[in-house]
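Contents: one structure, followed by commentary.
2 protein chains.
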Amino acid sequence: MNLLRKLSCAILATAAFTTLAQTQTQPAKYNELYYQRASIFDELGVDSTSIVMLGNSLTHGCEWHELFGMPNVLNRGINGDVIAGIRERIGSIVAGRPAKIFLLAGANDVSHDLSADSIATALGELVDYIRQTTPDTKLYVQSMLPINNSFGRYKLMAGKEDTIRRINSLIEPMVKAKGATWINIHPAFCDAEGNLRSDLTNDGLHLLGPGYLIWRDQLLPYIKE
Amino acid sequence: MNLLRKLSCAILATAAFTTLAQTQTQPAKYNELYYQRASIFDELGVDSTSIVMLGNSLTHGCEWHELFGMPNVLNRGINGDVIAGIRERIGSIVAGRPAKIFLLAGANDVSHDLSADSIATALGELVDYIRQTTPDTKLYVQSMLPINNSFGRYKLMAGKEDTIRRINSLIEPMVKAKGATWINIHPAFCDAEGNLRSDLTNDGLHLLGPGYLIWRDQLLPYIKE
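Chains A and B supply the protein sequences, listed in that same order.
33 is the number that this note's numbering gives to position 33 of the first sequence; each next residue is one higher, with no gaps.
One rule links them: number in this note's numbering = place in the second sequence (from 1) + 225.
In C-alpha cells form, the structure reads like this:
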C-alpha cells in the first residue's frame with residue numbers, strides 16, 4: 001500500500017512536471033491565441049449545468065450567453081482552431097461533465113486543404129472521445145455553414161463549397177450512428193445558389209449580427225429541450 | 226404639427242438610408258472582425274443593469290461573465306480595436322445607459338506609432354463623450370498594462386514601454402478631473418524591471434489564464450461596489 005502510494009505520487013509528480021515543462025516551452029503547434037484562450041478556459045472550468053458552445057472563430061465571435069439570455073451558455077470557441085486543436089484542449093470541458101455541448105468545426109481544416117474524408121474521420125473521433133469521456137452530456141453536432149467566395153477574402157477557401165457540402169453529407173449519418181444529435185443549420189444561411197447569404201457576412205466566411213440571430217433561432221429548440 | 230411630423234419622418238428615413246448605405250458599402254476603415262463584432266453588439270444591446278467591459282483584444286480574450294460569475298458583465302472588446310474605433314461603435318452601448326463601463330484601450334494606438342499625448346487626448350475625448358451621453362453610468366478607466374518585448378513577437382511595440390508609462394501618467398489626472406474612476410492595474414502585472422511578467426503571457430502583450438485571475442482581483446472591488 002505504501003509502495004502503491006509512492007508510485008502514485010511519482011506518477012502525479014511526473015505528470016505535473018510534464019505539464020509545467022510544456023507550459024514553459026510553449027509548443028508552437030498552434031498560435032498564441034490558442035494557448036491564451038485554452039489557459040483561460042482551464043481557469044474558468046465547466047460544470048454539470050453548463051451548455052458549451054465549442055468550435056472555431058464562428059463560435060468565438062459571439063456573446064452566446066447574451067444571445068440566449070442564459071448565463072450557463074459558455075463560449076469555448078477559438079479563432080482559427082482546427083479539430084485536432086479542439087481535441088487537445090477539450091480536457092477541461094469534458095472534465096466538468098457539461099449538460100450539453102454544441103460542436104461546430106471544420107472550416108480551418110478545410111482551409112488547410114485536408115480532404116472531406118479525413119475531416120469527417122477526425123470529427124468522428126472527436127465525437128467518440130466526447131461520448132466516451134462524458135456519456136451523460138448531450139452532444140449536438142452542427143453542420144458546417146456555407147461560405148461565399150464572391151467576397152474573395154479567403155483564398156484558401158476558394159472552390160471549397162463542395163468540400164463543405166461533402167463533409168456535411170459524410171458526418172450526418174456518422175453523428176447519428178454515434179448517438180449524438182445532428183443539427184443541419186446549413187440551409188438557413190444559404191442564398192438561391194447555396195452560398196452564404198451576402199447580407200449575413202462581410203468576408204464570405206464569418207457572420208454579422210443578423211447571422212447570429214438566425215443561428216440562435218436554429219439552436220433555440222435544442223438549447224431549451 | 227403635420228409639417229413637423231413629415232420633417233421627423235424625412236429625417237428618420239434619411240438616417241435609416243445612411244445606415245443601410247454604410248452597411249452595404251462596408252467602409253474599410255477597420256478590419257472585418259471589427260464590423261462583425263460591432264454588428265453583433267448592436268443586436269445584443271445593453272441595459273441599465275449591464276456592466277460593460279470595453280476595449281481591445283485584452284478585453285475580447287476573456288469570458289468576463291464567467292470570470293466574475295455575473296451574467297450582467299458583458300464583453301464589448303474587439304481584437305485590434307483603437308480608441309477611434311471604440312468611439313465609433315459605442316452608440317449601442319451608451320444608448321443602453323449601463324450601470325458601469327470598464328474601459329481599457331490604447332495598445333493598438335501605441336502600435337500604430339501615435340504619440341502618448343495624442344493617445345491621451347483621444348482617450349480624454351472618449352471619456353468626455355461617455356460622461357456626457359450617459360452621465361449616470363459609472364465609468365472606470367483602467368491603466369494600460371505593461372508589455373514584455375523579450376518575447377520579440379510584436380515588432381511595432383518594440384521600445385514602447387515608456388510610451389505606455391507616459392500615457393498612464395497623462396491619463397490618471399485627466400480621468401480623475403473628468404469625474405471617472407481611475408484604476409491603476411499596471412503594477413499588478415509587472416516583474417522587477419516593470420515589464421509584463423513572463424509567466425502571465427506567451428507573446429509579451431496578451432494574457433494567459435492566470436493573468437486574467439490577477440485582473441479579476443484588481444477589478445472585483447469596483448465590480449461589487
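We put the CB at the ideal spot given by N, CA and C, even for glycine.
Keep in mind the model is a prediction, meaning the values are calculated, not measured.
- T201(A): not part of any alpha helix (DSSP H); DSSP gives it neither H nor E.
- Straight through space, the alpha carbons of C190(A) and N420(B) are spaced by roughly 49 Å.
- Bounds of the beta strand (DSSP E) holding T181(A) are T181 to I183.
- Taking each of L205(A), M144(A), E225(A) and L220(A) in turn and checking the Cα distance to I185(A), the smallest one comes out for M144(A).
- At a cut-off of 8 Å between beta-carbon atoms, Q261(B) makes contact with chain A.
- For K224(A), the enclosing alpha helix (DSSP H) starts and ends at G209 to K224.
- About 6 Å separates the beta carbon of L279(B) from that of I326(B), a gap short enough to meet the 8 Å contact definition.
- In this chain, L283(B) is not harboured by any beta strand (DSSP E); it is covered by the alpha helix (DSSP H) spanning S282 to H285.
- Contact with chain A is absent for G384(B), since none of that chain's Cβ atoms lies less than 8 Å from the residue's Cβ.
- Contacts with chain A at 8 Å (Cβ-Cβ) include S264(B).
- For N75(A), the beta-bridge partners assigned by DSSP are M53(A).
- Rounded to the nearest whole angstrom, the CA to CA distance from G106(A) to V400(B) is 46 Å.
- Between the C-alpha atoms of A263(B) and E66(A) there is a straight-line separation of about 14 Å.
- Annotated three-state conformation of K363(B) is strand, per DSSP.
- Taking a Cβ-Cβ threshold of 7 Å, the residues of chain A close to E291(B) are L44 and L74, in chain order.
- According to the DSSP assignment, F102(A) belongs to the beta strand (DSSP E) that extends over K100 to L104.
- Per the C-alpha coordinates, the member of Y255(B), I389(B), N281(B) and Y259(B) positioned closest to S340(B) is I389(B).
- Using a Cβ-Cβ cut-off of 8 Å, Y379(B) does not count as an interface residue toward chain A, since no Cβ of chain A sits closer than that to its own.
- When beta bridges are read from the DSSP output, L421(B) appears opposite C415(B).
- For the 8 Å CB-CB criterion, G179(A) and R131(A) form a contact.
- The Cβ atoms of I183(A) and Q142(A) sit closer than 8 Å to each other.
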